[in-house]
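Structure, as structure tokens:
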Amino acid sequence: MVEWIEACGADDVDEEDVIRFDHAGKVFAIYRSPDDRYYATDGLCTHEQISLADGLVMDDIIECPKHNGRFNYKTGEAKGAPVCVNLRTYAVKLENGAVFIEV
Amino acid sequence: MARHFVIVGAGECGARAAMALREQGFDGDVTLVGGETHLPYERPPLSKHGMLAEVFAAKTIATAERLAEANVGFRGGVQVAAIDRGGKRLLTADGTALPYDKLLLATGASPRRLPGVEGERIFYLRTLEDAQRLRGELLPGRRLAIVGGGFIGLELAASARARGAEVTLIEALPRLLSRAVPEAIAAQIQARHELAGVKLVFGDGIAGVTSDANSATVALNSGRRVEADLVLVGIGAVPNISLAAEAELEIDNGIAVDRHLATSDADIFAAGDCCSFPLKIYGGRRVRLESWRNAQDQGSLAACNMLGANEAISTVPWFWSDQYELGLQIAGLSDEGASIVRRDLGNGASILFHISADGRLVAASGIGVGNAVAKDIRLAEMLIAKQARPMQASLADADVKLKSLLAA
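Dropping the structure here:
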């Protein structure tokens, strides 16, 4: 069943940055883009299950903190070795200053 | 006739190069020759979480399906005996000739041996088999003596303690990781190992190691003796250059390559642990790096240049180590630094920025729980690549975002 979950406050994420959100045993990553939009993906890298929230966001790209696997966090697309499996993305909405994701 | 590119060495670097040739659109033949029988696998876990996993399994870099899909001919368990440069072919130990148009040597490195120290209680770590054999020995109460306080020794000390073995680590120099990290970080790592119950011996060399089928004794120069059930020697690695040397390619602390990874023979490239190369951002200083990232980067670059791209090495050296809950990351060459600026990130995490005499950021060493330093080390790496001269007060102040210095 699809449901909207409150992940964090809109101000909890800096622009061009990412934070981790844990829910029901799953790890998510919540992003705020340089143009001030919010995005959500699975929170663990598809290569070695490293939390992406420790990684660096530059423009549309999140880079895994361990092995520099790169993904486009808006689409989930893996951008080349060592990652070859895309990240799952989730719909996001802003309500009353909070970020909700559809899981 | 289709061109045939051959890669010798099926580790991280060779496997990456093979896949990169296809990603770059090469439609000739690609043969990847590995001395080990396994499909290409990742080595970093062998000393780290691979030792701790309930079921030990190699993490494959490229599965048989992926190699087949990319039309890469993988030949495992093949020992290359010689390069016939005049005939442009490889000769294998079983007498087969393998012609090439372009050749990549990604032969890696091997553990440096302690002369005369051999026996079934003496262990080295490089391959999956080494790791498997060692892992079976790391049991509660088993006494492990580690020779060498470098990364392999320290990562294995942490893994061995997690598995309940008793560990004594012997380092010839007065502290851990003398060449790799500044004193403050070495002290933090030392304290963590002591907390875990690792017995550390400093400033004492190895006089000799004797062993039988069940145990070993490490005799130290001071006269002290360390009794153990097994001895792990982790005193660095030496590049695998014999093929290149016998083919009379230029050697200089590894197979010498130019900034395009070409050897002294224009049809032969070398990449990864086995080669030494000039680094432009450090004034062309020639280095050899033993790291996972370098193996990846150079594998990709070698593939491009085998196809004529003529791209120069532009990466900043980058390295990581995991011990217990601590993650260490280093970007750049810290010995280029003349002074250090410290940034504290909280929760015991910190980054030391290494500044050259003329004010340039040349390296950054960070340590913290998990990947706490990763973001900032990555940004430091970009600043190093830009040859930036950031204000030292800004580097020291954790409230100043490093990203803002990048834009400056």
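Chains as they are written, first to last, in the numbering used here: chain S, 63 to 165; chain Z, 19 to 426.
For glycine and all other residues, C-beta sits at the position ideal for the given N, C-alpha and C.
Predicted model, so just to flag it, every value in this text is computed and none were measured.
Contacts with chain Z at 8 Å (Cβ-Cβ) do not include residue 149 of chain S.
With a cutoff of 8 Å on beta-carbon distance, residue 40 of chain Z and residue 80 of chain Z are scored as not near each other.
Residue nearest to residue 131 of chain Z within the set Z:256, Z:267 and Z:293 is Z:256 (criterion: CA-CA distance).
With 16 or more other CB atoms across the displayed protein chains lying within 10 angstroms of its CB, residue 60 of chain Z is buried.
Interface annotation for the region 128-143 of chain S against chain Z: 128, 129, 130, 142 and 143, criterion Cβ-Cβ distance under 9 Å. For residue 390 of chain Z, the chain S residues whose Cβ falls inside 8 Å of its Cβ are 116, in order along the chain. Annotation for residue 306 of chain Z: 271, 272 and 294 place their beta carbon closer than 6 Å to its own, counting only its chain and skipping 5 residues before and after.
With a beta-carbon spacing of about 14 Å, residue 319 of chain Z and residue 123 of chain Z fall beyond the 8 Å limit used to define contacts. Look at residue 405 of chain Z here: in three-state DSSP terms it is coil, with no helix or strand label.
Within chain S, the residues placing a beta-carbon under 7 Å from that of residue 397 of chain Z are 118, ordered along the chain. Residue 44 of chain Z carries a coil assignment under DSSP once its states are collapsed to helix, strand and coil. Bounds of the alpha helix (DSSP H) holding residue 317 of chain Z are 310-324.
Going by beta carbons, residue 71 of chain Z and residue 317 of chain Z fall outside the 8 Å limit.
At a C-beta separation below 7 Å, residue 42 of chain Z has no neighbours in chain S, since its nearest C-beta there lies roughly 12 Å away. In the DSSP assignment, residue 97 of chain Z falls outside any alpha helix (DSSP H), carrying neither H nor E. Nearest neighbour of residue 315 of chain Z by Cα position, chosen from Z:246, Z:324, Z:402 and Z:331, turns out to be Z:331.
Residue 165 of chain Z is positioned such that its CB atom lies closer than 8 Å to that of residue 224 of chain Z. With a beta-carbon spacing of about 7 Å, residue 219 of chain Z and residue 187 of chain Z fall inside the 8 Å limit used to define contacts.
With a cut-off of 8 Å on Cβ pairs, the region 398-409 of chain Z is in contact with the region 368-382 of chain Z, counting three or more such pairs. Chain-ordered, the chain S residues with CB closer than 8 Å to the CB of residue 37 of chain Z read 143. Residue environment analysis places residue 301 of chain Z among the exposed positions, since fewer than 16 neighbouring C-beta atoms fall within 10 angstroms of its C-beta. In the three-state DSSP reduction, residue 88 of chain S falls in the strand class (E or B). Here residue 117 of chain Z carries a strand assignment [DSSP, helix/strand/coil]. Rounded to the nearest whole angstrom, the CA to CA distance from residue 233 of chain Z to residue 140 of chain Z is 9 Å.
Under the Cβ distance rule, residue 77 of chain S does not count among the residues neighbouring chain Z, no pair being separated by less than 8 Å. Nearest in C-alpha terms to residue 396 of chain Z, of all of S:86, S:126, S:145 and S:76, is S:126. Bounds of any beta strand (DSSP E) do not take in residue 169 of chain Z; it lies within the alpha helix (DSSP H) bounded by 169-180. At a cut-off of 8 Å between C-beta atoms, residue 81 of chain S does not count as an interface residue with respect to chain Z.
Sequence-ordered contacts of the region 310-323 of chain Z with chain S read 310, 311, 314 and 318 [C-beta pairs closer than 8 Å].
Burial of residue 372 of chain Z is indicated by the presence of at least 16 other C-beta atoms within 10 angstroms of its C-beta. Scanning Z:289, Z:144 and Z:35 for the CA closest to the CA of residue 252 of chain Z turns up Z:144. In this structure, the CA atom of residue 30 of chain Z is about 11 Å from the CA atom of residue 77 of chain Z.
DSSP places residue 205 of chain Z inside the alpha helix (DSSP H), whose first and last residues are 201-213. Neighbourhood of residue 34 of chain Z in chain S, by CB distance below 9 Å: 143 and 144, in chain order. The shortest CA-to-CA distance from residue 147 of chain Z to any of Z:194, Z:105, Z:204 and Z:55 is the one to Z:55. Close to residue 393 of chain Z, with beta-carbon spacing below 8 Å, are these residues of chain S in chain order: 116, 117, 118 and 127.
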